[in-house]
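Presented below is the structure to which this report refers.
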Amino acid sequence: LIYPSKFILALLGFDTVTTYNSIKIVGSGGVRIAFPCLGMEIIFSLMALIIAYPGKNKKRYLICGVLGIHCINIVRVTGLTLLKYYDPGIKFPGHDVFNLICYSFIILIFYWWVKNHSSDLLKSEHKQPASTLYLRKEQ
4 LIYPSKFILA LLGFDTVTTY NSIKIVGSGG VRIAFPCLGM EIIFSLMALI
54 IAYPGKNKKR YLICGVLGIH CINIVRVTGL TLLKYYDPGI KFPGHDVFNL
104 ICYSFIILIF YWWVKNHSSD LLKSEHKQPA STLYLRKEQ
């Protein structure tokens with residue numbers, strides 16, 4: 004996350020200082036990346052959802068989903084670094100906003116996948132009759 008953000012900021016004309024887990028624009032505060040910032044929980048949520056649901060083309064959706072989440076995360080780190088540059092005192096809930104955006108992304112990907120590539124059982128035009136539930140009358 005650090006190096007892609009550094010690259011984007013360099014394209015925008017900013018000089019940056021980076022360490023293995025932080026990035027800052029010269030002359031401003033920085034953003035430190037901790038393990039929860041990597042988005043692994045969200046990636047695992049996407050993987051569990053896609054793997055557990057019956058359907059085709061799981062690999063493609065898993066790869067696109069993981070790459071999409073990673074790109075969203077890069078934009079988040081870059082944006083937070085720019086926010087720290089323009090307003091050093093800002094208190095922005097970056098993690099919460101990231102979660103909201105990523106879970107919305109997961110829901111959209113999952114919806115699109117189910118609608119277009121889910122199991123043939125779900126798209127069957129020949130629906131089987133619902134099983135009948137027999138209840139015993141109590142006397």
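Each residue of the sequence shown is one higher than the one before, counting from 4 in my numbering. Positions of the beta carbon are idealized from the N, C-alpha and C atoms, including for glycine. Please read all numbers here as calculations on a predicted model, not as lab measurements.
Residue environment, residue i, which counts as buried when at least 16 other CB atoms sit within 10 Å
i    : result
V34  : buried
L70  : exposed
Y64  : buried
Y23  : exposed
S8   : buried
F95  : exposed
W115 : exposed
F101 : buried
G68  : buried
Y137 : Residue confidence is low: Y137 scores 49 on pLDDT, short of 50, so the model does not pin down where it sits. No coordinate-derived value is stated.
V20  : exposed
V29  : exposed
N76  : buried
I53  : buried
Residue span of the beta strand (DSSP E) that contains residue i, given as start and end
i   : result
S25 : 25-28
T21 : 19-21
Of the residues the options, the one placed nearest residue i, counting alpha carbons only
i    : options               : result
K27  : I54, K61, P96, K87    : K87
L42  : K94, L103, W116, L111 : The question names Leu, but residue 42 in the sequence shown is Gly. Checking every option, the nearest Cα to that of G42 belongs to L103.
F113 : I46, V78, Y89, T84    : I46
I5   : L15, E44, I72, T84    : T84
G32  : F17, S107, G92        : G92
R79  : F17, I36, V117        : I36
Endpoints, the alpha helix (DSSP H) within which residue i is located
i    : result
L143 : No answer is possible for residue 143: it lies beyond the span of the chain, which begins at 4 and ends at 142.
Whole-number beta carbon distance between residue j and residue i, since they are thought to touch under 8 angstroms
i   : j    : result
S48 : I109 : 7 angstroms
T81 : L14  : 10 angstroms between Cβ atoms; not a contact.
I72 : C105 : 5 angstroms
H98 : P39  : 7 angstroms
3 or more residues per run - each beta strand (DSSP E) lying fully within the segment 27-114: 33-35
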